[in-house]
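Novice: Structure incoming, see below.
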Amino acid sequence: MGFFLNVATLAAKLMTSDATSAETGVLAVAVAHAFALVVAMYLAGDISDGHVNPAVTYGLVVGGHVSGLTGICYCMAQLSGSVTACVALILVTAGQAIPTTRPDPKISGLADVAIEAFATFAIVYAVYVARDLRNGSRGIMGPIAVGFVYGANILVTAPLTGGSMNPARSFGPAFVTGDMKKQWVYWVGPLVGGGIAGLVYESLMTTSNGQPPSSISSVG
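Heads up: the sequence shown runs through residues -19 to -1, 1 to 201, numbered per mature numbering (1 follows the signal peptide of the UniProt record, and there is no 0).
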């Protein structure tokens, strides 16, 4: 339900005529992304620990905080929620086209992957910080902090890669419209960035006796 709301909100905003036509449009999309993510993470917090992004889930699997099987289940739910949200939008808008995530054609595929990886690294690292109980219980401030990072990343990456940082968010519209072109960018980049973030946090943020952080809670 959390991811359904997230994708439905973002896709609906992107369907407006001014969503990407100017700087103000990109800002509006970034704000919509941030707020939708905060709400989705909060709503899903008690059910699925706030997992609404396969890259974040993968980062937590790499860090040893989510089992592989649980991670697969989360990802399947995220993908199905994305597709369902897009189908619902098509039905309620009388068949209006769902916009897909597309990178700037002037940028190489390798650069696209690097940008998505770097941006996703920041998001997953923020999730780790928000979830680490050694930093104190953050409550709603955890999702808000992650949402702000996501929104800021959108402002930078939207003109370059379309600003995905979430394989499921890009997969739903692409699957429903049949436009799978460049979809690999939105899987490789975010998963690489998310995995590296998990490794880096576990390696660097150690306790005084050299043990990695073990108290990881729900974001929501």
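Ideal Cβ placement from N, Cα and C applies to all residues, glycine included.
Remember, predicted model here, so these are calculated numbers, not experimental data.
#1: Among residues of its own chain, excluding the 5 on either side of alanine 103, which ones have a beta-carbon nearer than 7 Å to its beta-carbon?
#2: Label methionine 22 either buried or exposed according to how many other C-beta atoms from any shown protein chain fall within 10 Å of its C-beta, with 16 as the threshold for buried.
#3: List the endpoints of the continuous alpha helix (DSSP H) containing threonine 81.
#4: Count the other CB atoms within 10 Å of the CB of leucine 185; is the residue buried (16 or more) or exposed (fewer)?
#5: Return the CA-CA distance between residue 202 and tyrosine 55, expressed in angstroms with no decimal places.
#6: For aspartate 85 and glycine 52, I'd like the C-alpha separation in whole angstroms.
#7: Restricting to runs no shorter than 4 residues, where is the alpha helix (DSSP H) found entirely within the region 119 to 177?
#8: What is the DSSP secondary structure of isoleucine 88, reduced to helix, strand or coil?
#9: Exposed or buried, arginine 115, counting other C-beta atoms within 10 Å across all chains shown (16 or more means buried)?
#10: Closer than 9 Å, CB to CB, is alanine 149 near chain B or not?
#11: Looking only at its chain, what residues have a beta carbon closer than 6 Å to the beta carbon of alanine 178, apart from the 5 residues adjacent to it on each side?
#12: Taking the beta carbon of methionine 146 as the centre, do at least 16 other beta carbons fall within 10 Å, making it buried, or is it exposed?
Specialist: Taking the definition as stated:
#1: What you label residue 103 is simply residue 122 of the sequence shown in a count that begins at 1. Close CB contacts of alanine 103 within its chain, under the 7 Å cut and outside five residues either way in sequence, are with Val130 and Asn134 (chain order).
#2: For the purposes of this step, residue 22 is identified with residue 41 of the sequence shown, where counting begins at 1. Label assigned to methionine 22: buried.
#3: The count along the sequence shown starts at 1 and reaches residue 81 at position 100. First-last for threonine 81: undefined, no H or E at that position.
#4: Your numbering for residue 185 matches position 204 in the sequence shown. The residue is exposed, with fewer than 16 neighbouring Cβ atoms inside 10 Å.
#5: Given that the chain is displayed from residue -19 to residue 201, the structure contains no residue 202 and the question cannot be resolved.
#6: The sequence position of residue 85 within the sequence shown is 104, counting from 1. The sequence position of residue 52 within the sequence shown is 71, counting from 1. Here the alpha carbons of glycine 52 and aspartate 85 stand approximately 31 Å from one another.
#7: 122 to 142 and 148 to 158
#8: As a working note, residue 88 is residue 107 in the sequence shown. Judged by DSSP in its simplified three-state form, isoleucine 88 adopts coil rather than helix or strand.
#9: In the sequence shown, counting from the first residue as 1, residue 115 sits at position 134. With fewer than 16 other Cβ atoms within 10 Å, it is exposed.
#10: In the displayed structure, chain B is absent; only one protein chain is listed.
#11: Within the sequence shown, the letter at position 197 stands for residue 178. The answer, listed in chain order, is Gly40, Phe102, Val105 and Tyr106.
#12: For this step, residue 146 is matched to residue 165 along the sequence shown. With a 10 Å radius around the Cβ and a threshold of 16 neighbouring Cβ atoms, methionine 146 comes out buried.
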